[in-house]
Structure formats: structure tokens, C-alpha cells
């Protein structure tokens, strides 16, 4: 999609798109990283965690990790084929937003989800394990979240919904007021299954713009998700 937007005003003859794509991708590859146009607020931008990738990659996502790339693609396919109680245009929009994750990050994200799902069952009975990864995209007011939880109940789905809403609210507070109404958070949770019907359940939540919260509601979310006692002392960072 980025390539199509890139050439929207160009006159590219049929049959020349492959060569033109690689010409543009090579130019991107040779350009030095430029973070000057990043839309991520300075207060949320940790220099140690910032990454810059070419808009048009030369290699496919599978070049770095075939299984990790396939995992990310499978998530998109799950969302595309799952029952949906909204307009189909909403589904397409959500898939479009998840597809904005840079190609160079997809294999690693998919691999991390596989790793976390492999570890999810190995916790004490009655314990909920959550693993998260978040991205703030510097080219748009877009926040992507990925989670793995070892249990799939209404309670855990509600907890995930609150995590998405809380992180969205915290993020947009750092944005200029005129940007908040256009801000978007899309988050996916995977939960391993053990019934041999399918390997996992996929849960998705999306938040658009500002969402008014009562002070008591926000405080309850913060007690749940910002309480140091609920966080592992040594989280897995692989």
C-alpha cells in the first residue's frame, strides 16, 4: 500500500512496477534515518527504543524469520475471517491500520508472540500472565498494541479492554488537542487454546479519538494496570 501511495502521481507504465519498486526501495535503504518528522511526543519517545525503517523494504518480512512473519500474517487472516458484528468497512480499516506496522518489525513481533504463547501455560494455577508489546508510529497518530494472556474468560477480556483504553488515554494526553480526535489505538490479544480446535483465540479492540472517562473509572484502570505489585520483577524481554 505504501508503494501505491508513493506512485499515485507518477506515470508508471504497466510492466515497469517491479523495477520501479526496487529503485525506490534501494533509495530508501541508502537514505540515512530521519526522525525529525516523527509525530511521537518527546515525553514518550525513548531514544533507546526508537527505530527507523525504510518505507519500502527490499526484502520481505519472511527474510528475517519465516515463522515469525507467517505468525503476523496469520493474525491478520484471523481478523479477516472471524465473525464480525460491525460494518465490513470497519474490519477493512482495522486491518489497514495493523498493516502499517513496518515490514521490518513484523517477523520479530510474530516471533515474540509465538514465544509468549509457548510460555503462557507455565504459570501457577490461578495466576494470570500477561505479555505486552506496543508501537507508536512516528508517521501517524497510531498506536498498536499486542498481548498474550494465558486465560480466556470474560474477566480477562474486560481486563484487556481496560488496558487498551487506559494506554490510549495516557498516550493522547501527550498530544496536541487538535490531534487527539484523530488518534487511533488498535490492539490484539492472543490466548492459547488446548482443545485442538484451533491453536489460539484472537481478541481485538480499537479506540478512536478521545473517550470520556469518569475519574473513578480511570482510577480503577490505573489500579489494575499501573500497580507495580502486578508486574513481574524480571519480565521476559526476548
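Numbering (our numbering), first residue to last: 10 to 247. Beta carbons: idealized from backbone N, C-alpha and C, even for Gly.
In the structure shown, residue 205 falls within a coil segment according to DSSP collapsed to helix, strand and coil. One thing to note: residue 108 has its Cβ no nearer than 8 Å to the Cβ of residue 122. Taking a C-beta distance under 8 Å as the contact criterion, residue 180 and residue 152 qualify as a contact pair. When DSSP reads this structure, residue 139 sits in a beta bridge with 158. Checking the DSSP bridge columns, you'll see residue 198 partnered with 156 and 212. Inter-residue distance for residue 140 and residue 134 is about 17 Å (C-alpha atoms, whole angstroms).
The bridge partners DSSP lists for residue 193 are 151 and 217. If the five residues before and after residue 98 are omitted, its C-beta is found closer than 8 Å to no C-beta atom of its own chain.
Under DSSP, residue 144 takes part in a beta bridge, and its partners are 153.
Contact between residue 176 and residue 154 holds, since their C-beta atoms are separated by about 6 Å, short of 8 Å. Around the Cβ of residue 93, a 10 Å sphere holds fewer than 16 other Cβ atoms; the residue is exposed. The Cβ atoms of residue 115 and residue 70 sit closer than 8 Å to each other.
For the 8 Å CB-CB criterion, residue 188 and residue 218 do not form a contact. In the three-state DSSP reduction, residue 131 falls in the coil class, being neither helix nor strand. Here residue 234 has 172 and 175 as same chain residues with Cβ atoms under 6 Å from its own Cβ, once five neighbours each way along the sequence are excluded. Secondary structure remark: continuous alpha helix (DSSP H) runs of at least 4 residues inside the segment 70-133, in chain order: 75-90, 97-107 and 112-128. In this structure, residue 156 places its C-beta atom within 8 Å of the C-beta atom of residue 196.
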